[in-house]
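In the numbering used here, the protein residues as written are 183 to 471. Idealized CB from N, CA, C, for every residue including glycine. As the structure is a prediction and not an experimental result, all values here were calculated from the model.
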Amino acid sequence: MVKKTGKSLWMYLTWEDFGLVCLKQLHSSSEDTPAEHLHKDFYELVIVLDGTGIHRSGGRDAAISAGNVFLIPPNSPHQYVEYHDLLIYNLLFNRKFIRYFLSDLTSLDGFQLIFNMKASEAARSPSDGIRIEEKHIPEIFQLLDAMDELNRSTEPGVKTLLLSEFIHVMLLLARHCRWSGPPKQLAHIGQLSQLMTVLAREYHRPWNLGKMARSVNMSVSAFRQEFRKLTGVPPMEYLLKLRLEHSVNLLGGSGGSLGEIAASCGFSSANYYSRQFKKYFGIAPSRYR
Numbered sequence: 183m184v185k186k187t188g189k190s191l192w193m194y195l196t197w198e199d200f201g202l203v204c205l206k207q208l209h210s211s212s213e214d215t216p217a218e219h220l221h222k223d224f225y226e227l228v229i230v231l232d233g234t235g236i237h238r239s240g241g242r243d244a245a246i247s248a249g250n251v252f253l254i255p256p257n258s259p260h261q262y263v264e265y266h267d268l269l270i271y272n273l274l275f276n277r278k279f280i281r282y283f284l285s286d287l288t289s290l291d292g293f294q295l296i297f298n299m300k301a302s303e304a305a306r307s308p309s310d311g312i313r314i315e316e317k318h319i320p321e322i323f324q325l326l327d328a329m330d331e332l333n334r335s336t337e338p339g340v341k342t343l344l345l346s347e348f349i350h351v352m353l354l355l356a357r358h359c360r361w362s363g364p365p366k367q368l369a370h371i372g373q374l375s376q377l378m379t380v381l382a383r384e385y386h387r388p389w390n391l392g393k394m395a396r397s398v399n400m401s402v403s404a405f406r407q408e409f410r411k412l413t414g415v416p417p418m419e420y421l422l423k424l425r426l427e428h429s430v431n432l433l434g435g436s437g438g439s440l441g442e443i444a445a446s447c448g449f450s451s452a453n454y455y456s457r458q459f460k461k462y463f464g465i466a467p468s469r470y471r
């Protein structure tokens, strides 16, 4: 594994680095269902094909059924505590993989729902949570079946095909996943996911809590509470991370000064940018470069 991020894309394109895996798993007994576990460096995207179950994450139980989609972030303990012929797809991939191949999907509301909603909020009962629109389920499941087969193959070119299918699946999920919870929750989640889409596109603008709250027709206090409930982080911290993530791409592919990069990402000064960058990544941007 490459430990230090460099400016060249090629160093991420080794199979070991982005470690994309697609597995189809049936949970019907304790023998085929692992105990509580976590993935240190990988996201786990779960797509339920058939059956029902109870998924436990963050100390909360959530009922899941066919069509549910939810994301388990790195270092998040979770397990299935009930399972009735629960058939799922697991897609495992690391953060760098998402950064380089899926950046344009942030403009889609479905992507924001999947990647910014806490796992404990993503599925509440068999009829709630994030779900794939029914008419698009067959196409997505067919692609996932193909990925499952490719993952077991050793033929030349398989990795490229697997990558292609993965990006196709993520695009379809970003376009065709919807929140199917109670209407009151739907209003908040719809508004907030749209705001997150705007923030992903306009992260460099001079946002503040008041401006964000007004954009979704909420008071500042209600907005702050609902945003954190949905994503697990305060709004301004979420925006800060967006700006820092975008700055990484500029550090690697731009000849601009730190001041220019900081300004283009919405930071008030190069010094403030450098402090936040080091706090978040553990290394100064000048050394990262």
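Local Cβ density within 10 Å of residue i, reported as buried at 16 or more and exposed below that
i, result
"Val228", "buried"
"Tyr454", "exposed"
"Asp291", "buried"
"Val263", "exposed"
"Thr413", "buried"
"Thr288", "buried"
"Gly235", "buried"
"His209", "buried"
"Ser247", "buried"
"Ser362", "buried"
Cβ distance (whole Å) where residue i is taken to contact residue j below 8 Å
i, j, result
"Phe459", "Leu426", "6 Å"
"Ser446", "His358", "Actually they are not in contact, since the Cβ atoms of Ser446 and His358 sit about 33 Å apart, beyond 8 Å."
"Leu355", "Ile314", "7 Å"
Pick from the options that is closest to residue i, judged by C-alpha positions
i, options, result
"Leu268", "Ser450, Pro259, Ser212", "Ser212"
"His237", "Gln261, Leu345, Glu226, Asp223", "Gln261"
"Asn257", "Asp232, Thr288, Leu220", "Leu220"
"Ile443", "Ser468, Glu419, Tyr420, Leu421", "Ser468"
"Ile296", "Ala445, Ala248, Ile319, Leu353", "Leu353"
"Glu218", "Arg242, Gly201, Pro320", "Arg242"
"Glu419", "Leu391, Gly441, Met400, Gly435", "Leu391"
"Lys317", "Arg383, Asp327, Arg360, Ser335", "Arg360"
"Pro255", "Leu422, Ser239, Ala244", "Ser239"
C-alpha distance - residue i paired with residue j, whole-angstrom precision
i, j, result
"Glu408", "Gly339", "45 Å"
"His350", "Ile312", "19 Å"
"Leu332", "Leu344", "6 Å"
"Ser456", "Ile371", "33 Å"
"Gly448", "Gly438", "15 Å"
"Phe293", "Ser451", "31 Å"
"Asn250", "Gln376", "21 Å"
"Asp214", "His266", "12 Å"
"Pro216", "Ile270", "14 Å"
"Leu202", "Thr336", "14 Å"
"Leu325", "Val402", "42 Å"
"Ala245", "Gly441", "48 Å"
"Val230", "Pro320", "12 Å"
Near the ligand SAH: residue i beta-carbon under 7 Å from a heavy atom
i, result
"Leu421", "Ligands in the displayed structure: none, and consequently the ligand SAH is not present."
### Message
Would you call the region 395-404 in contact with the region 256-274, where contact means no fewer than 3 C-beta pairs closer than 8 Å?
### Response
The region 395-404 is not in contact with the region 256-274.
### Query
Are the region 418-437 and the region 463-471 in contact at 8 Å, needing three or more beta carbon pairs?
A contact is defined here as three or more CB-CB pairs under 8 Å, and the region 418-437 meets this definition with respect to the region 463-471.
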